[in-house]
Structure formats: structure tokens, C-alpha cells
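Engineer: I'd like to ask you about the structure that follows.
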Amino acid sequence: MPESITITDNRNGQSIEIPIVEGGVNSAEWSKLLPGLWFYDPGFSATAECESAISFIDGDAGVLQYRGYPIEQLAERSTYLEVAYLLLKGELPTAAELEDFVGQVTIHTFIHENVKRFLEGFHYDAHPMGMLVSELAALSTFYPDAKRIDDPEIRWGHTVRLIAKMPTLAAATHRFCSGMPFVYPNNALSFPENFLSMMWKMSEPAYEANPALVRAIELLFILHADHEQNCSTTTMRVVGSAHADPYSACAAATAALYGPRHGGANEAVLRMLTSIGSLDNVPDFVRSVKEGHGRLQGFGHRVYKNYDPRAKIIRQAAYDVFAVTGKNPLLDIALKLEETALADDYFISRRLYPNVDFYSGLIYQAMGFPVSMFPVLFAIPRTAGWLAHWNEMLDHKTKIARPRQLYSGAPRRDYVPIGERS
Ligand code: CMC
385 MPESITITDN RNGQSIEIPI VEGGVNSAEW SKLLPGLWFY DPGFSATAEC ESAISFIDGD
445 AGVLQYRGYP IEQLAERSTY LEVAYLLLKG ELPTAAELED FVGQVTIHTF IHENVKRFLE
505 GFHYDAHPMG MLVSELAALS TFYPDAKRID DPEIRWGHTV RLIAKMPTLA AATHRFCSGM
565 PFVYPNNALS FPENFLSMMW KMSEPAYEAN PALVRAIELL FILHADHEQN CSTTTMRVVG
625 SAHADPYSAC AAATAALYGP RHGGANEAVL RMLTSIGSLD NVPDFVRSVK EGHGRLQGFG
685 HRVYKNYDPR AKIIRQAAYD VFAVTGKNPL LDIALKLEET ALADDYFISR RLYPNVDFYS
745 GLIYQAMGFP VSMFPVLFAI PRTAGWLAHW NEMLDHKTKI ARPRQLYSGA PRRDYVPIGE
805 RS
């Protein structure tokens, strides 16, 4: 059977055969037959925006792979920085390569003192995600050479800097919001330990994190590192396609991640569970969702029509964290909500399952993170994915993103002076 489709323009009987390559059809071929006739695809549900070799999802089977490696294996055996290397370079590092990469990241954890001073301009109750967006955008002014995106060495330097500085920026927002002094990075610590130290250190000479909590952060960072063409990664690619510097593009991607339909969902889940309040209220809450009053946060996904594999891993990991912190009292409500929804025809027929955000917030809360920090915790590791896609997009010499539209506004009309308008 030929691997192609044939399209016939019924207005004139002309046909064109378009080959199917890697499961897609090339729009350039379509445009040869039908110039000026655009695909109408709001939300890009049926559009492959790019060719990418970074992560693979089979939404029906509930499969996620980074560079071919199953997420379950990476979650169990890898570290966030090893995964970041894998995403960026395409292969797992050798021991020497990993040591070198970790060293590069470690020496770039500090931020310019002036960045700290920006924070002082924010209101005391500013959302940390809004602060993070601003800090990232501001960083672009500190590194004018970051604009030289055609120089691979410079590009790599800023890729490393961004990965290294995200935990420092993230912890700085928290310290500011809590009225606590900024904690400088401790480069003797591992990536997740250093982040926890910058978050929680008080007057002790060195902060010692519980190893189970360090592992939980490592795991959550691995699971959130990449997820192919999600909203924020697409933003990164779109802004990057205009050849903006990576700090500006990361600021834009962070802004996209802030939305409650995307990275803000973990925060929304916790607020939802808190508002449900008790097991008795679960059936009424599910009924109200089915009647169209809001969504079941942390459920549903554009691509997964099965259990999100990351949610499975996080659900299990939650118990390791609760063994140290004590059980999050909202866990029972979450479990009951999941059980009720998965047995309900509304959710079954729409193939709505828990996604990565359904359980992650419970862990973060048990570890003491304020709810407003949850999307920030997502942004730290997703930076590796954003930068892998940004580099890939530039390597592919991608054109500037510039979609078309179907115009549905007024036809041409003449300007009416203000006094003559009805
Ligand atoms: N609760 C109740 N109904 C839902 C939900 C939900 N969470 N998600 C989808 N639906 C319904 C929706 O109302 C629609 O029903 P109908 O066909 O009767 O109109 C149907 O399912 C299809 O929904 P959709 O909005 O067309 O699906 P989408 O692919 O555009 O949206 C989504 C995907 C993730 C935005 C959506 O499922 C959602 O809003 N979920 C809650 C927020 C959330 O958990 N987001 C995190 C996503 S995973 C992490 C990340 O990407 O950042």
C-alpha cells in the first residue's frame, strides 16, 4: 500500500499525491495544489510544528521517552543533570563528560548582585512566578552576547548558565516573599541539595537536607525536564525562531508555564483539594465539574488518553516523602477524587486520567513549599527541555514562526469622523 494520501480539489478535479513521512504530511506539498488555502487548526491539535528528536510520547499507551530512554528507567536510575545532558546532547554522558558538565553548571550558580536588587521592587505578596519571568527577562540585559545565537560556543555557555541559575533565581523569589535573607549557592552541594539549601537554610553553617527529600526533588526534576511540544516549549521555539536571546525566550516560556492549564495546574490542584475540604464533599464536587462548573484540575491531557506515566511514578514517590514528612492530609481526598473520576462515565468517555500535576503538589506541600512556588518548581527542570528544543530549533535553521489566519472581521470600509458615528 503506498505511504501517501491523495487530495482532490473538487472545484476543478485536480489531484495531488502527498507522501507520508514519519507519520506526517508536508504542508508545502499541499500548498502547491491549494495555495492560499490554510489549515484551520486552533490550538494546533493536528499540526506538527517541527521535527524533533528529543522526547517521544505515545499518548494512547501512556509512554514517555527522553531520547529513546523510558521515563521509568531515567526516574529510577538517573539524576536531573544527567538527564539535562541527555536532552541537550542526545546521548547519555560518559563519567568524564558528566563530571565536566556538572562542574560547568556548578560554577555558574551565582547571580549578579543587581538581580537580587530587582526583587526589592516587588510587592511583598508578588507571585513568585511573575517574579521569575521578570528576573529571566532582566538577565538578558546582563549578557548582551547571548544575542549571538549563531555562535555554538556562546550558545552552549548560556544554556549552561540558565540551567545553573534557575534554582538560585527560584529560591531567591521565595526568600524575598517570606521576608528572609537571600542564601548564596553552596557549590559543594549537588544540584537538588543546593536548591533545598537556598530555600531553607537559616543560621546553621551548612544546610543538610534529608536524603529522601533530595531524591524526591531529583525525581520530580527528571519527570518535569521535557515533554515535547507543550505550550511553554512551543513558546520557547516560537520566540526563539525570531532569534531572541535565550533569556528572553525562557522568560516567555516561563510566562506560558504560569497558566493554570499548564504548569500552574499543580497549584490549582492544591487549591481545589483544599476547597473540597473533606471526603464527603468529593461526589458533589465531581458532579459540579460534570455540570460544567470548572475542571477537575490535574486531570486530562491533550496527548495522554491514558494514565500519564509521570503521574504513576509521582503517586508512588509520594509515599516515600510522606514517610519523612508525615502524610499530607489532602492525599485521601486526592485518592478518593481519582477513584470517583476514573469510575465515572464522563471521565471515562473523554479519556481523562490524572496527569503529572495531580500528585506533585501534594509532595511539594508536604515538603513545606508554599503553593505559589509549585509552578516555579516546574520551571526549574523544564528549562533543560526548553533549551534542548531551542538549540535543536536553531540547528535546524527553522524559519520564523508566522502562522496564517482565517480572517472573519469586517470587509473594507471607510473611516467615519467621530462626530458622525452613531
Ligand atoms: N475536568 C473536566 N473536564 C475536562 C477536563 C478536566 N480536567 N479536561 C478536559 N475536560 C473535558 C472538556 O470539558 C471537553 O469536554 P466536551 O467534549 O464535553 O466539551 C473534553 O474533556 C475535551 O477537553 P479539551 O479542553 O478539548 O481538551 P484539551 O486537550 O484542549 O485540554 C487540558 C487539555 C490539559 C488543557 C485539559 O484537560 C485541562 O484543562 N485539564 C485541567 C488542567 C490541567 O490539569 N493541566 C495540566 C496538564 S499536564 C501538565 C502540563 O502540560 O503542564
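In this text, residue positions in the sequence shown follow the working numbering: the first is 385, and each later residue adds one.
Even glycine gets a Cβ: it sits at the ideal position worked out from N, Cα and C.
(1) Report yes if the C-beta of Asp610 is less than 7 Å from at least one heavy atom of the ligand CMC; otherwise report no.
(2) Within the continuous alpha helix (DSSP H) that includes Asp668, where are the two ends?
(3) Is Leu654 near the ligand CMC, with its Cβ less than 7 Å from a heavy atom?
(4) In or out: Thr478 buried (at least 16 other Cβ within 10 Å) or exposed?
(5) My assumption, with CB atoms under 8 Å, is that Lys720 sits in contact with Val666. Please give the rounded CB distance.
(6) The beta strand (DSSP E) that contains Glu749, what's its start and end?
(7) Return yes when the C-beta of Asn739 is under 7 Å from any heavy atom of the ligand CMC, and no when it is not.
(8) Below 8 Å on the Cβ atoms is my guess for Tyr856 versus Pro759; work out the distance and round it to an integer in Å.
(9) Locate the beta strand (DSSP E) running through Ser518, then write down its first and last residues.
(10) Let me make sure I understand the geometry here. Which of Ala794, Asn775, Val800 and Gly452 has the alpha-carbon closest to that of Cys634?
(11) Among Lys416, Gly408, Ile391 and Pro426, whose alpha-carbon lies nearest the alpha-carbon of Arg788?
(12) Shorter than 7 Å, the distance from the beta carbon of His677 to the closest heavy atom of the ligand CMC, or not?
(13) Measuring CB to CB, does Met582 end up less than 8 Å from Thr552?
(14) Going by C-alpha to C-alpha distance, which of Ala750, Tyr691, Val447 and Asp779 sits closest to Tyr600?
(15) What's the C-alpha gap between Leu458 and Leu482?
(16) Going by the DSSP bridge assignment, what does Glu401 pair with across the sheet?
(17) Taking DSSP as the reference, what is the three-state secondary structure of Phe683?
(18) If we require 4 or more residues per run, which alpha helix (DSSP H) segments fall completely within the region 457 to 488?
(19) Between Ala530, Glu433 and Ser744, which lies nearest to Thr617 when the distance is taken from Cα to Cα?
(20) What is the rounded straight-line gap between the Cα of Leu714 and the Cα of Thr658?
(21) Keeping to the same chain, check which residues put their C-beta closer than 6 Å to that of Leu448; ignore five residues upstream and five downstream.
(22) When the Cα of Gly487 is compared with those of Thr463, Val544 and Tyr453, which residue comes out closest?
(23) DSSP three-state call for Tyr450: helix, strand or coil?
(24) Between the alpha carbons of His507 and Pro565, how many angstroms are there, rounded?
(25) Please state whether the Cβ-Cβ distance between Ile438 and His773 is less than 8 Å.
(26) What would DSSP say about Gly360, mapped onto helix, strand or coil?
(27) Pairing CB atoms from the region 570 to 590 with CB atoms from the region 399 to 412, are three or more of them under 8 Å?
(28) Is the closest heavy atom of the ligand CMC to the C-beta of Asn614 under 7 Å?
(29) Helix, strand or coil for Phe428 per DSSP?
(30) If we call anything under 8 Å between Cβ atoms a contact, is Ala695 one with Tyr743?
(31) Would you identify the three-state DSSP class for Asp509, choosing helix, strand or coil?
(32) Report back the beta-carbon spacing between Asn739 and Tyr688 to the nearest angstrom; my notes put them in contact at under 8 Å.
(33) Could you spell out the range, first to last residue, of the beta strand (DSSP E) harbouring Asp442?
(34) Relative to the C-alpha of Thr493, which residue among Asn578, Lys531 and Lys473 is closest?
(35) Could you tell me the distance, in whole angstroms, from the CA atom of Asp779 to the CA atom of Leu597?
(36) Restricting to Cα atoms, I'd like to know which of Pro576, Arg395 and Gln681 is closest to Met550.
Structural biologist: In terms of the structure at hand:
(1) Position 226 of the sequence shown, counted from the start, is the residue given in the question as residue 610. No, Cβ of Asp610 sits at least 7 Å from all heavy atoms of the ligand CMC.
(2) Residue numbering aside, residue 668 sits at position 284 when the sequence shown is read from its first letter. From DSSP, the alpha helix (DSSP H) with Asp668 extends over Val666 to Lys674.
(3) The count along the sequence shown starts at 1 and reaches residue 654 at position 270. For the ligand CMC, not one heavy atom lies less than 7 Å from the Cβ of Leu654.
(4) To locate residue 478, count along the sequence shown from 1; it is residue 94. So Thr478 ends up on the exposed side.
(5) Position 336 of the sequence shown, counted from the first residue, corresponds to residue 720. Position 282 of the sequence shown, counted from the first residue, corresponds to residue 666. Yes, Lys720 and Val666 are in contact; Cβ-Cβ is about 5 Å, under 8 Å.
(6) As a working note, residue 749 is residue 365 in the sequence shown. In the sequence on display, residue 749 carries Gln and not Glu. It is not in any beta strand (DSSP E) - Gln749 instead sits in the alpha helix (DSSP H) that spans Asp741 to Ala750.
(7) To locate residue 739, count along the sequence shown from 1; it is residue 355. True, at least one ligand heavy atom lies under 7 Å from that Cβ.
(8) Residue 856 is absent from the structure shown; the chain starts at 385 and stops at 806.
(9) Position 134 of the sequence shown, counting from 1, holds the residue named residue 518. Segment Pro512 to Phe526 is the alpha helix (DSSP H) holding Ser518; no beta strand (DSSP E) there.
(10) Counted from its first residue, the sequence shown places residue 634 at position 250. Ranking the options by Cα distance to Cys634, first place goes to Asn775.
(11) On the sequence shown, residue 788 is found 404 positions in, with the first residue counted as 1. Ranking the options by Cα distance to Arg788, first place goes to Pro426.
(12) In the sequence shown, counting from the first residue as 1, residue 677 sits at position 293. His677 Cβ: outside cutoff for every heavy atom of the ligand CMC.
(13) Sequence index remark: in the sequence shown, residue 582 carries index 198 (1-based). Sequence index remark: in the sequence shown, residue 552 carries index 168 (1-based). Against a cut-off of 8 Å, the Cβ pair of Thr552 and Met582 comes out as a contact.
(14) Taking the sequence shown and counting its residues from 1, one reaches residue 600 at position 216. It should be noted that the sequence gives Ala, not Tyr, for residue 600. Ala600 has its Cα closest to that of Ala750, out of Ala750, Tyr691, Val447 and Asp779.
(15) Looking up residue 458 in the sequence shown gives position 74. Looking up residue 482 in the sequence shown gives position 98. The straight-line gap from Cα to Cα measures roughly 15 Å.
(16) The residue given as residue 401 occupies position 17 in the sequence shown. DSSP, once it has assigned bridges, lists Thr390 as partnering Glu401.
(17) In the sequence shown, residue 683 corresponds to position 299, counting from 1. If DSSP states are grouped into helix, strand and coil, Phe683 belongs with the strands.
(18) 464 to 473
(19) Position 233 of the sequence shown, counted from the first residue, corresponds to residue 617. If we check each option's Cα against that of Thr617, Glu433 comes out closest.
(20) Start at 1 with the first residue of the sequence shown, and residue 714 comes out as number 330. Start at 1 with the first residue of the sequence shown, and residue 658 comes out as number 274. Each residue's alpha carbon lies about 7 Å from the other.
(21) Along the sequence shown, read from residue 1 onward, the residue named residue 448 stands at position 64. Excluding sequence neighbours, Leu448 sits near Ile441, Ile455 and Pro693.
(22) Taking the sequence shown and counting its residues from 1, the one referred to as residue 487 is at position 103. Closest by alpha carbon: Val544.
(23) By 1-based counting over the sequence shown, the position of residue 450 is 66. Note: Tyr450 maps to strand in three-state DSSP.
(24) Position 123 of the sequence shown, counting from 1, holds the residue named residue 507. Position 181 of the sequence shown, counting from 1, holds the residue named residue 565. C-alpha separation (whole angstroms): 16 Å.
(25) Stepping through the sequence shown from its first residue, residue 438 is reached at position 54. Stepping through the sequence shown from its first residue, residue 773 is reached at position 389. It is a contact, given that the beta carbons lie within the stated cut-off.
(26) Since the displayed the chain opens at 385 and closes at 806, residue 360 lies outside it and no answer follows.
(27) no
(28) Within the sequence shown, the letter at position 230 stands for residue 614. Checking the Cβ of Asn614 against the ligand CMC gives yes.
(29) Taking the sequence shown and counting its residues from 1, one reaches residue 428 at position 44. Residue state, collapsed to three classes: helix.
(30) As a first step, residue 695 must be located in the sequence shown, where it is residue number 311. As a first step, residue 743 must be located in the sequence shown, where it is residue number 359. Contact flag set, yes.
(31) Position 125 of the sequence shown, counted from the first residue, corresponds to residue 509. In this structure, Asp509 counts as coil in the three-state DSSP scheme.
(32) Numbered from 1 along the sequence shown, position 355 holds the residue referred to as residue 739. Numbered from 1 along the sequence shown, position 304 holds the residue referred to as residue 688. Right, their Cβ atoms sit about 7 Å apart.
(33) Against the sequence shown, residue 442 aligns to sequence position 58. Note, Asp442: beta strand (DSSP E), Ser439 to Asp442.
(34) Here residue 493 is taken as the residue at index 109 of the sequence shown, counted from 1. For the residues Asn578, Lys531 and Lys473, the minimum Cα distance to Thr493 belongs to Asn578.
(35) For the purposes of this step, residue 779 is taken as residue 395 along the sequence shown, with counting starting at 1. For the purposes of this step, residue 597 is taken as residue 213 along the sequence shown, with counting starting at 1. C-alpha separation (whole angstroms): 37 Å.
(36) As a working mapping, residue 550 is identified with position 166 in the sequence shown. Considering only alpha carbons, the answer is Pro576.
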